[in-house]
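Visitor:
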Amino acid sequence: MKKFPFYFLVLYLLASCQGTKQAETQALSVVDMTKSYPEKEIVLQDIADVEYIPLETTDDFLFNGVAAIVSDKYIVTIGHQSEDVCLFSREGKALTRIHRVGNGPGEYKDIATVDVNWENGELYLKEMNRQKIHVYSLDGTFKRSLPYPENIWLNQMYLFSPEYLIASRDLTPSAGSDAGFHPYLLVSTESGQLDSLSYVQKKCVQVKLIINEQAHLYGYMHEPSIICNGSRFYIGNADSDTLFTMEPDFALKPLLVRTPSHNEEGNQYGLFLKGVAGPYLFLTKQPMEIPMNSIDHLDLQNEEWLYDRRTQEVFRYIFKNREDTSKPVSGIMFYRYPEDCALVILKSEDLVEAYEAGELSGELKKIVSGMKVDDNPVLMLIQFKG
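Numbering (mature numbering (1 follows the signal peptide of the UniProt record, and there is no 0)), first residue to last: -23 to -1, 1 to 363.
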């Protein structure tokens, strides 16, 4: 595999005042993992523009999955036990359903993730349990497959450019230390050829799920390390203390650093980048070992932090929706959405219950007034202001 270089750039802000000694201050933001940050309640409409998109409900378009993509014209969802890809208009009208489950040419067994090149109308679908990427037109016509080696398991996948998909893979705990492991790969959109980026991961850093310590039975949780914000990409590998912005030429520019280092003795927490939108970094402070007291309920014991790059303020956020007083906003997601946007799926049964309890207002109340409990959900698109 050909290797593409990462370039590491660190920016420094040099400040000096006449009559005082010169001071050099890093512009790089720092988060202290040992601090107890305050809780802050925020009404989303105070810091973001909120848009509601009700997805049309038909017999062929029953949504119970993930809204993977929102563009200026379309919405792409993955649903029905990871077997369907559905294309909706930007207003939520059902357009196309792709269901090609099987073992034949152009068929898949399940869906891990998708992305779309809107310029040429190609949809890239990565299977979950087989090393294949399939390419379809937006009407579901099969075009080609992009196979890759059996010993490589890709996790995330995004369209980085018309020529390349960018994907991540995990260094497994059983592999131990491997100075030559490259977790980020470019995949040719035409041939499937893999080219590794030169970022090197030296050891496996994953959240351990303790199932039965006496029997040495453990599981490991995958944390996404490629974050997308519109056309911009960020890297947050748990092996590094630094979160990076990735430039179009694959240069890495430091965005934020944690202290103390995850390598320090006694460290119990990882810092993971969940999303970037407007001036905000969405971060998760996660214990690296979690007892699994119940197979049905996993308490991650984490803290969700919001870092404001304008003020360097960090706090544990609680989002409220001014038009829904029934409960705080939860389940915020960052996938392939417009720049500075996040998304929340509002389930129809929850909305109808809140409507009947008189807890909705404004545009959301109007939308829900005509809904049934088994309708498709409403997508809440949140565009954070700069």
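Beta carbons: idealized from backbone N, C-alpha and C, even for Gly.
Give the range of the beta strand (DSSP E) segment to which His71 is assigned.
Guide: Counting from one through the sequence shown, the residue named residue 71 turns up at place 94. One point to set straight first is that residue 71 is Ala, not His, in the sequence displayed. Unbroken beta strand (DSSP E) run through Ala71: Ala71 to Ile75.
Visitor: Closer than 8 Å is the cut-off here; do at least three beta carbon pairs connect the segment 218 to 228 with the segment 184 to 194?
Guide: Touching, no, given that fewer than three Cβ pairs across the two stretches are closer than 8 Å.
Visitor: Going straight from the alpha carbon of Asp23 to that of Asn353, what length do you get?
Guide: Taking the sequence shown and counting its residues from 1, one reaches residue 23 at position 46. Taking the sequence shown and counting its residues from 1, one reaches residue 353 at position 376. Their backbone Cα atoms lie some 28 Å apart in a straight line.
Visitor: Give a yes or no on contact between the segment 194 to 205 and the segment 244 to 255, applying the rule of three or more CB pairs nearer than 8 Å.
Guide: Yes, the segment 194 to 205 touches the segment 244 to 255.
Visitor: Rank Val164, Ile55, Val345 and Leu142 by C-alpha distance to the C-alpha of Ala45 and give the top, closest one.
Guide: Locating residue 45 in the sequence shown gives position 68, counting from the first residue. It is Ile55 whose Cα lies nearest to the Cα of Ala45.
Visitor: Tell me which residues share the same chain as Gly363 and place their Cβ nearer than 8 Å to its Cβ, disregarding the 5 neighbours each side in the sequence.
Guide: One-based indexing of the sequence shown puts residue 363 at position 386. Gly255, Pro256 and Asp317.
Visitor: For Asp276, does the count of other Cβ atoms within 10 angstroms reach 16, so buried, or fall short, so exposed?
Guide: Indexing the sequence shown from 1 puts residue 276 at position 299. Answer is exposed; the Cβ neighbour count stays below 16.
Visitor: I need the straight-line Cα distance from Asn279 to Pro82, nearest angstrom please.
Guide: If you number the sequence shown from 1, residue 279 lands on position 302. If you number the sequence shown from 1, residue 82 lands on position 105. About 43 Å.
Visitor: Secondary structure at Ala215, three-state DSSP: helix, strand or coil?
Guide: Here residue 215 is taken as the residue at index 238 of the sequence shown, counted from 1. Ala215 falls in the coil class under three-state DSSP.
Visitor: Along the chain, which unbroken stretches of the alpha helix (DSSP H) at least 4 residues long are found entirely within the segment 272 to 343?
Guide: Segments of the alpha helix (DSSP H) lying fully in the segment 272 to 343: 325 to 333.
Visitor: Taking just the CA atoms, how far does Arg209 sit from Leu148?
Guide: Looking up residue 148 in the sequence shown gives position 171. Looking up residue 209 in the sequence shown gives position 232. Looking at the two C-alpha atoms, the distance is approximately 25 Å.
Visitor: Rounded to the nearest angstrom, what separates Ser168 and Glu104 at their Cα positions?
Guide: Mapped onto the sequence shown, residue 168 falls at position 191. Mapped onto the sequence shown, residue 104 falls at position 127. Approximately 17 Å, taken between the alpha carbons.
Visitor: Under 8 Å, with one C-beta from each stretch per pair, do the segment 3 to 18 and the segment 282 to 290 reach the 3-pair mark?
Guide: Taking 8 Å as the limit for Cβ pairs, the verdict is that the segment 282 to 290 does touch the segment 3 to 18.
Visitor: Go through its chain and collect everything with a Cβ distance to Ile212's Cβ below 6 Å, but skip five positions before and after it.
Guide: For the purposes of this step, residue 212 is taken as residue 235 along the sequence shown, with counting starting at 1. Cβ neighbours of Ile212 beyond the five flanking positions: Phe221 and Met223.
Visitor: Consult DSSP for Ile88 and reduce its assignment to one of helix, strand or coil.
Guide: The residue you call residue 88 lines up with position 111 of the sequence shown. In this structure, Ile88 counts as coil in the three-state DSSP scheme.
Visitor: In chain order, what residues of the same chain lie with their CB nearer than 6 Å to the CB of Phe311, ignoring the 5 residues before and after it?
Guide: Position 334 of the sequence shown, counting from 1, holds the residue named residue 311. Counting only Cβ-Cβ distances below 6 Å, and skipping sequence neighbours, we find Gly252 and Ala319.
Visitor: Count the other C-beta atoms from every protein chain shown that fall within 10 angstroms of the C-beta of Glu1, then say buried if there are 16 or more, exposed otherwise.
Guide: By one-based count along the sequence shown, residue 1 stands at place 24. For Glu1, the predicted model reports a pLDDT of 31, less than 50, meaning its position is unreliable; a value from the coordinates is still stated below. Glu1 comes out exposed.
Visitor: When the distance is taken between beta carbons, is Asp61 closer than 9 Å to Gln360?
Guide: Here the question's residue 360 lines up with position 383 in the sequence shown. Here the question's residue 61 lines up with position 84 in the sequence shown. For Gln360 and Asp61, no; Cβs fall outside 9 Å.
Visitor: Does the segment 297 to 316 come within contact of the segment 29 to 47, defined as at least 3 CB pairs closer than 8 Å?
Guide: Yes, the segment 297 to 316 is in contact with the segment 29 to 47.
Visitor: Assign Asp37 to one of three DSSP states: helix, strand, or coil.
Guide: Taking the sequence shown and counting its residues from 1, one reaches residue 37 at position 60. If DSSP states are grouped into helix, strand and coil, Asp37 belongs with coil.
Visitor: Strictly under 9 Å for the Cβ-Cβ distance: is His239 near chain D by that measure?
Guide: Considering every chain present, this structure includes no chain D. It has just one protein chain.
Visitor: Just to confirm, are Thr166 and Leu136 a CB contact at a threshold of 9 Å?
Guide: As a position in the sequence shown, residue 166 is number 189, starting the count at 1. As a position in the sequence shown, residue 136 is number 159, starting the count at 1. A contact, by the Cβ cut-off of 9 Å.
Visitor: Could you check whether the segment 175 to 183 touches the segment 104 to 122, counting it as contact only if at least three pairs of C-beta atoms, one from each stretch, sit closer than 8 Å?
Guide: No: the two stretches stay apart, fewer than three of their Cβ pairs being nearer than 8 Å.
Visitor: Have a look at Gln58 and Asp87 and give me their C-alpha separation to the nearest angstrom.
Guide: In the sequence shown, counting from the first residue as 1, residue 58 sits at position 81. In the sequence shown, counting from the first residue as 1, residue 87 sits at position 110. Rounded to the nearest angstrom, the two C-alpha atoms are 8 Å apart.
Visitor: Quick check on the DSSP output: the alpha helix (DSSP H) that includes Leu21 runs from which residue to which?
Guide: As a first step, residue 21 must be located in the sequence shown, where it is residue number 44. That run of the alpha helix (DSSP H) goes Leu21 to Ile24.
Visitor: Between Leu174, Gly69 and Lys50, which lies nearest to Gly157 when the distance is taken from Cα to Cα?
Guide: Looking up residue 157 in the sequence shown gives position 180. Nearest of Leu174, Gly69 and Lys50 to Gly157, Cα basis: Leu174.
Visitor: Would you kindly check if the distance between the Cβ of Leu358 and the Cβ of Leu341 is under 9 Å?
Guide: By one-based count along the sequence shown, residue 341 stands at place 364. By one-based count along the sequence shown, residue 358 stands at place 381. Result no, Cβ atoms of Leu341 and Leu358 do not sit closer than 9 Å.
Visitor: Below 7 Å CB to CB, which residues in the same chain sit around Asp116 once its five sequence neighbours on both sides are set aside?
Guide: Within the sequence shown, the letter at position 139 stands for residue 116. So the qualifying residues of the chain are Thr73.
Visitor: Compare the C-alpha of Ser234 against each of Asn240, Ser217 and Glu241 and name the closest.
Guide: The residue labelled residue 234 in the question sits at position 257 within the sequence shown. One point to set straight first is that residue 234 is Val, not Ser, in the sequence displayed. It is Ser217.
Visitor: Report the option in Val164, Arg293, Asp351 and Ile344 whose CA atom is closest to the CA atom of Tyr29.
Guide: For the purposes of this step, residue 29 is identified with residue 52 of the sequence shown, where counting begins at 1. The candidate whose alpha carbon is nearest that of Tyr29 is Ile344.
Visitor: Which residues in the same chain as Lys324 place their Cβ atom closer than 8 Å to its Cβ, once the five residues preceding and following it in sequence are excluded?
Guide: Within the sequence shown, numbered from 1, the residue matching residue 324 stands at position 347. So the list reads Pro354, once near-sequence residues are dropped.
Visitor: Under a Cβ-count criterion, where at least 16 other Cβ atoms within 10 Å of its own Cβ denotes burial, should Val321 be classed as buried or exposed?
Guide: One-based indexing of the sequence shown puts residue 321 at position 344. Buried, by the Cβ-count rule.
Visitor: Spatial neighbours of Ser346 within its chain, please: C-beta separation below 6 Å, excluding the five flanking residues on both sides.
Guide: Here the question's residue 346 lines up with position 369 in the sequence shown. The answer is none, since no qualifying residue turns up.
Visitor: Spell out the partners DSSP gives Asp172 in its beta bridges.
Guide: On the sequence shown, residue 172 is found 195 positions in, with the first residue counted as 1. Answer by DSSP bridge pairing, in chain order: Leu163.
Visitor: Could you give the DSSP three-state label for Val112: helix, strand or coil?
Guide: Taking the sequence shown and counting its residues from 1, one reaches residue 112 at position 135. In this structure, Val112 counts as strand in the three-state DSSP scheme.
Visitor: On a Cα-Cα basis, can you pick out the residue from Gln170, Phe292, Arg287 and Asn240 that is closest to Leu260?
Guide: Counting from one through the sequence shown, the residue named residue 260 turns up at place 283. The candidate whose alpha carbon is nearest that of Leu260 is Phe292.
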